[in-house]
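Going letter by letter, the sequence shown gives residues -15 to 274 in this note's numbering.
Note that CB positions come from ideal geometry on N, CA and C, so glycine has one too.
Bear in mind the structure is a predicted one, so any value in this text is a computation, not a measurement.
Shown next, in structure tokens, is the structure this report addresses.
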Amino acid sequence: MATLARAQTVAVHRPRFRLRISRVLFLTIAAIFTAVALAPFILTVSGSFKTKSEILDWPPTIIPTVIQWQNYVEVWTNSHFFPQWIANSIFLAGFHLIAYIAICSAAGYAFARMNFPGASVIFIAILGSIMIPGQVLWVPKFLILNQIGLVDNLFGIALPNLADVFGVFFMTQFFKSLPKELEEAASIDGASTFRTFRQIILPNAYPALAALAILQFQGSWNAFQWPLIVVRSPEHLTLPLGLASFQGLFGVNWNWVLAGAMFNAVPIILLVIFFQKYFIRSAASSAIKG
């Protein structure tokens, strides 16, 4: 009897022991991944408050010897165009965000709910275009912009990016997941298609729209290669391009560069903080609905 009791005790303890080992393993992996992911950002924040020589010290330190608040003042004042670079980035990100969300939501609803000639063919073409690397289209896009006089122009950066079809596909799939009873009830009440879309469908699409907005704002705000191709004048540079040229102008003063990088990072951080619940809700909803 005692032997049987010991055997049962061992059998119960083994799964618990394995569960604890698995838990420790997963937590260790998560901690390592988090440390690796956050290390560059932490060093950037720390370096923005250090002197140039202290940034280059090895091994690096997280806490500055003396906090150099003047780095932020100098990066703003020592470049005549720095405020303009921020204004350009705000304009491009805001314009692209509003126009892109409007186009993708309207087109996505049309593909999801409206039957029109060639809809399936067009949607398949959209899916196929997603497979084409964006870099392949840079040359024809640039040639078109050159013909219509939008090279070295902020609209030359923004307009071609509105043709990104991922958002159309994303919103189409989301609208298909909504129950048709919502529109049928609105139709019975005499609502037009546009009114149904504006007052019924869009309020139910806030999680998807917020997720798409975060992705597109981040992509537009941090865009580097396409703006580098299009713009030439210093006053037309975006903030990422301005920071890159800032290094050459001032001999790579890393304290100023890192302070400027914080100006670039703050809007993205605030956007994620305030809208992450919608992003998570959209991801969870997509996972549940398959």
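| Beta-carbon proximity of K36 to N237, cut-off 8 Å | One thing to note: K36 has its Cβ within 8 Å of the Cβ of N237.
| message | Our contact map puts A245 next to T12 with C-beta atoms below 8 Å; I'd like the distance itself, whole angstroms only. | response | In fact, because the Cβ distance is near 30 Å, the residues do not count as touching under 8 Å.
| message | Using only CA atoms, which one of I85, E38 and I74 lies nearest to Y190? | response | I85
| task | Taking all protein chains shown into account, decide if S32 is buried (16 or more other Cβ within 10 angstroms of its Cβ) or exposed. | result | buried
| request: Starting from P144, trace the alpha helix (DSSP H) both ways and give me its first and last residue. | output: L138 to N145
| Roughly how far, in whole angstroms, is the beta-carbon of A175 from the beta-carbon of Y56, given that I think they are within contact range, below 8 Å? | 52 Å between Cβ atoms; not a contact.
| Contact belief for V214 with I108 at Cβ below 8 Å, rounded distance in angstroms | Between I108 and V214 the Cβ distance is about 31 Å, and since that is not below 8 Å, they are no contact.
| Using 8 Å as the threshold, is the segment 62 to 73 in touch with the segment 173 to 188, meaning 3 or more CB pairs across them? | Segments in contact, no.
| field | The alpha helix (DSSP H) enclosing H80, as first and last residue numbers | value | F66 to R97
| Residue from Q54, A249 and E168 whose Cα sits closest to the Cα of I26 | A249
| message | Considering only the alpha carbon of each residue, which of Y93, L111, N99 and D148 lies closest to Q119? | response | D148
| query | Expressed to the nearest angstrom, what Euclidean distance is found between the alpha-carbon atoms of F259 and L196? | reply | 11 Å
| field | Proximity of E165 and T180 at Cβ, strictly below 8 Å | value | The answer is no: Cβ separation not under 8 Å.
| query | For I82, which residues of its own chain have a beta-carbon under 6 Å away from its beta-carbon, when the five flanking residues on both sides are left out? | reply | none
| field | C-beta atoms of T45 and G92 nearer than 8 Å | value | no
| request: Could you round the C-beta distance between F159 and R216 to whole angstroms and report it? I think they count as a contact, below 8 Å. | output: Wrong, their Cβ atoms sit about 41 Å apart, outside the cutoff.
| request: State the CB to CB distance for the pair D136 and H220, rounded to an integer number of angstroms; the pair is presumed to be in contact (CB under 8 Å). | output: Confirmed, Cβ separation roughly 6 Å.
| Considering only residues of the same chain and omitting the five flanking positions on each side of L134, which have a CB-CB separation below 6 Å? | G140
| field | Length of the line joining the Cα atoms of F208 and A71 | value | 16 Å
| query | Straight-line CA distance for E38 to P48? | reply | 8 Å
| When DSSP labels each residue in this structure, what does Q54 get in the three-state scheme? | helix
| In this structure, does DSSP put F258 in helix, strand or coil? | DSSP places F258 in helix when its eight states are reduced to three.
| Based on Cα-Cα distance, which residue from W122, T177 and L227 lies nearest to W240? | L227
| Mapping DSSP to helix, strand and coil, what is V149? | coil
| query | Thinking just about the alpha-carbon of each residue, which of Q131, I132, L162 and C88 is nearest to the one in G151? | reply | C88
| field | Bounding residues of the alpha helix (DSSP H) (the contiguous stretch that carries V214) | value | Start and end: Q209 to V214.
| request: Let me know if W205 comes out buried or exposed under the rule of 16 or more other beta-carbons within 10 Å of its beta-carbon. | output: buried
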